[in-house]
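Some notes on the structure that comes next.
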Ligand code: FDA
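In this note's numbering, the protein residues as written are 3 to 394.
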């Protein structure tokens, strides 16, 4: 056999794979980083509207969904947003906090990719692009991987090929196939941080396409206070993307269109402005088209002064907990991330190594750890990549 040997083969040159390869390489390990795409970090390049929301200063394990809510603590605690920010600053990349602790590049997401590629270069990482891994064998403690017709061996193999969200960017379920082949279990992957579609009666709201408003959205006990956006297919915007990660099919979500109004707001409006109408009162707080649509559905005609308190209370109860039952989501084609993935039950939270297959690691989005919107997913990619890179 004429295979080239390394200390570690990292499959997937995305956020997690580049961090892992650079970390292991800097520790003197000989690392091959391989990706079937023709350039590394394609998702980083399009992230954050081209400015990459590269971390969130409020990172904590409770902002992640996972089969084991404690799993992410160890890696997140050992490589923090401040650690990544330190790297960003060492490269002189200008950044700003946008909102809710979200840190973005002032310039371009390309700066983050260039930084990680440079870290890999300084660490002596060999990068192979544009060629897919085909065969993977494991014998006598060595992984043998065929990439574009060439064979490579290493005692460590890192699955960093992400999840299937946005397949047109080269995303695949490859990591799951390999994990299953090695006997690891995979939590059913589903689209997350994804817009909802509305059907039936609720499709009427599609006429509001383009309208957005600050709302509080809830699903069971989970709540998010952010902007919601009506689209021609349904509901999007940060609030809806956040709740979509928790939502289960055929269940309703509740939307509070008056998150700051306080109790008995309509009664107080009636007392203060008895000659106003419901539509006008709503338009003072909400975009006019949304105020019109909500008032029409509540069907309370005439001056507020002539509407019974009971009817106003009932209207306010609906406005603060408007129930939508999405017909579905826009699926993996539009999902920012994949929830589910390689089960954390079989992985070490310290090293990301599979307990039953020594030398096999899984990191980043491929693993059943999914962050909120707002830089949390990259922070998981950096932290899990770092944990594996330090353990190889
Ligand atoms: P990632 O998907 O980055 O990398 C996987 C790599 O594996 C890819 O390079 C792919 O080509 C490669 N690959 C796949 N299959 C392969 C195979 N069979 N063989 C070889 N290589 C293979 N998060 C955040 O925190 N802040 C943000 O601003 C955004 N913004 C954002 C916008 C959009 C439009 C999307 C789609 C996603 C985001 N995200 C985000 C999420 C974030 O991009 C995501 O969580 C990370 O990129 C995950 O990093 P990974 O390295 O795990 O996978």
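Even for Gly, the Cβ is constructed at its ideal location relative to N, Cα and C. Computed from a predicted structure; not experimentally measured.
- In the three-state reduction of the DSSP assignment, residue 248 falls in the coil class.
- Of the residues 36, 10 and 109, the one whose Cα lies closest to the Cα of residue 143 is 10.
- Residue 280 sits close to residue 268, with the two beta carbons spaced by under 9 angstroms.
- Residue 98 has its CB no nearer than 8 angstroms to any heavy atom of the ligand FDA.
- As computed with DSSP, residue 193 is found in a beta bridge with 340.
- The beta carbon of residue 48 sits closer than 8 angstroms to at least one heavy atom of the ligand FDA.
- The ligand FDA has a heavy atom closer than 8 angstroms to the beta-carbon of residue 42.
- The DSSP-derived three-state label of residue 149 is strand.
- Just measuring C-alpha positions, the residue of 27, 350, 13 and 69 sitting nearest residue 391 is 27.
- Two segments are said to touch when three or more pairs of C-beta atoms, one from each, lie closer than 8 angstroms; by this definition the stretch 143-153 does not touch the stretch 350-358.
- Less than 9 angstroms divides the Cβ of residue 181 from the Cβ of residue 161.
- A direct Cα-to-Cα measurement between residue 345 and residue 264 gives close to 43 angstroms.
- Non-local beta-carbon contacts of residue 174 in its own chain, meaning distances under 7 angstroms to residues more than five positions away in sequence, involve 163 and 166 in chain order.
- Here DSSP, grouped into helix, strand and coil, assigns residue 279 to strand.
- Rounded to whole angstroms, residue 374 and residue 314 show a C-alpha spacing of 36 angstroms.
- Around the beta-carbon of residue 325, fewer than 16 other beta-carbon atoms lie within 10 Å, marking it exposed.
- Distance from the CA of residue 339 to the CA of residue 273, rounded to the nearest whole angstrom, comes to 48 angstroms.
- Taking a C-beta distance under 9 angstroms as the contact criterion, residue 73 and residue 371 qualify as a contact pair.
- Looking at the DSSP output, residue 228 sits in a beta bridge with 217.
- Comparing alpha-carbon positions, the option among 318, 309, 34 and 105 lying closest to residue 19 turns out to be 34.
- Using a Cβ distance threshold of 9 angstroms, residue 177 and residue 295 do not count as a contacting pair.
- Residue 8 is bridged by DSSP to nothing; it lacks a bridge partner.
- Sequence-distant partners of residue 320 (beyond 5 residues in either direction) whose C-beta falls short of 7 angstroms from its own C-beta, in its chain, are 300.
- Distance from the Cα of residue 32 is smallest, within the candidate group 41, 22 and 39, for 22.
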